[in-house]
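Step one of this worksheet: look at the structure below.
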Amino acid sequence: MYLPYSFTRYPLRFLSRGMFARASTFATRTMQYACACTLLTGAACDDEPEEDPTGSDATGEDDNNTFFGRRFLATEIEMEGDPYDVVPNTNLSLAFEAADPAFGGEGWLAADAGCNSFGASYSLDGSVLVVGDGVTTEIACEEPLAAQEGWYFAFLQASPTFALNGSSLVLTGPLGRVDYVDEEVLVPDQELVGPVWEVTSVLEGDLAWAAEWPNPATIEFLADGSAAVFGGCNEAGARYVVDGNTVSFSEVASTDLWCDDDANDLETAVFGLLEGPQPVQWTIDGVVLELNAGDPGLVLRVRDQ
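Convert by adding 1171 to the 1-based position in the sequence shown; the result is the number in this note's numbering.
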C-alpha cells in the first residue's frame, strides 16, 4: 500500500456524487482544525490569493475546458506500467470544487476509491496538478480495496500531469496513469421512480454515519404512488406524493420484528424520515439520491451501481 503521508482522519459528511463537506464546515463545532497543515500534509501552506481553477489556458467561457464543479470517473487505469481493473462494484472518482479558505490553494479536490473519501486543496503548476493539505475519512477497508485506495490517494499526491479535453481528463504520474470521463456524460441522472434505492449513509445534522449493514435498507418508488420499503429488518409500505423537489410520505405501515442494535439504528432513521415532518427534500445526482428532512436524512444509491 502506498501511504507516503501521515494521515489524520476525521468523519466527514458525504454529499451528492460522493463529495463531502470540508473540514472547515465543522471547525466551529469541534475546534479540531487549528491549522490545516497538521491534518494531512501535502504541499506547503501559503497565503496566496485564490485563483480561478480553470485547469487549462481557456478563458473559462467553455465549461468543458475547466475543472471547477465537475466530477470525473475512471474508465482506464494503469498501475505502475500494468493495466489495472478496479475492485468489483467500485470506481475511482475525482471531483473539483471551490477552494476552502481553511486549506488555501486554487480549489478543493475530492476523491474516492470505493471505501474512504479523500479531500485536499489543489493548485495548478503549468500542466501539473499539485495536491496540498487535506483530510480523509477513516473506514477500515478490506483487501484488495485497501491497496486500491492507498495507491490511488498516493497517485494523486505525487503531482501528476493533467490533460483536460472536453469531457476527458487524463492524469499521468510516477505511480501510473488514470483516464477519466466526466460523470455527467458517463452516468446520467436516474429517475426517482423505478430504481431500488439502497441506503449508504444516514445524515444527522452536519455529520453522517454508516455501518457494514448485512441487509442495507432500501426504498423503491413505484409508479402507482406507493413505496416499498425495507428498513434493514422490517418491511413497510407507504404512499408518496412528489411536488417539485419535495416528496411527502403517508400511510406508513410496517411489520414489527425484533431487530439487533445495528439494524434497529438504521431502521429508526429510515422510518423516522418516512413518519417524521413532511415534506422531505430530494435531489438526485447520477445514481445518488439524497432525502433530507433536516434531521434525519438519508443518502441512497441505485442498487447494483
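From the three backbone atoms N, C-alpha and C, an ideal C-beta is built for every residue, glycine too.
Residue 1280 is positioned such that its CB atom lies no closer than 8 Å to that of residue 1299. By the CB criterion at 8 Å, residue 1400 and residue 1451 fall outside the cutoff. A distance below 8 Å separates the beta carbons of residue 1245 and residue 1350. Of the candidates 1412, 1436 and 1408, 1408 places its Cα closest to the Cα of residue 1425. Per DSSP, reduced to three states, the secondary structure at residue 1255 is coil, with no helix or strand assignment. Annotation for residue 1337: no beta strand (DSSP E) segment contains it, and DSSP assigns it neither H nor E. Residue 1463 is bridged by DSSP to 1452 and 1468. Counting the other CB atoms within 10 Å of its CB gives residue 1421 a total below 16, which places it among the exposed residues. Among the bridge pairs identified by DSSP, residue 1306 is matched with 1290. For residue 1268, no alpha helix (DSSP H) segment is defined; the enclosing uninterrupted segment is the beta strand (DSSP E) at 1264-1268.
Under DSSP, residue 1368 forms a beta bridge with 1390 and 1473.
By the criterion of at least three beta-carbon pairs nearer than 8 Å, the region 1241-1257 is not in contact with the region 1269-1279.
In this structure the region 1374-1386 does not lie against the region 1334-1344, because fewer than three pairs of beta carbons, one per stretch, are closer than 8 Å. Rounded to whole angstroms, the gap between the alpha carbons of residue 1353 and residue 1376 is 30 Å.
By DSSP's assignment, residue 1429 forms no beta bridge with any residue. For residue 1342 and residue 1292, the gap between their C-alpha atoms comes out near 17 Å. In terms of Cα proximity to residue 1356, the closest of 1374, 1243, 1468 and 1362 is 1243. The closest CA to that of residue 1294, considering only 1304, 1276 and 1344, is found on 1276. DSSP places residue 1376 outside any beta strand (DSSP E), giving it a letter other than H or E.
Residue 1353 sits in a strand when the DSSP states are folded into three classes. Burial state of residue 1428 is exposed, judged by a 10 Å Cβ sphere holding fewer than 16 other Cβ atoms.
Residue 1315 and residue 1239 have their alpha carbons spaced roughly 31 Å apart. With 16 or more other CB atoms across the displayed protein chains lying within 10 angstroms of its CB, residue 1472 is buried.
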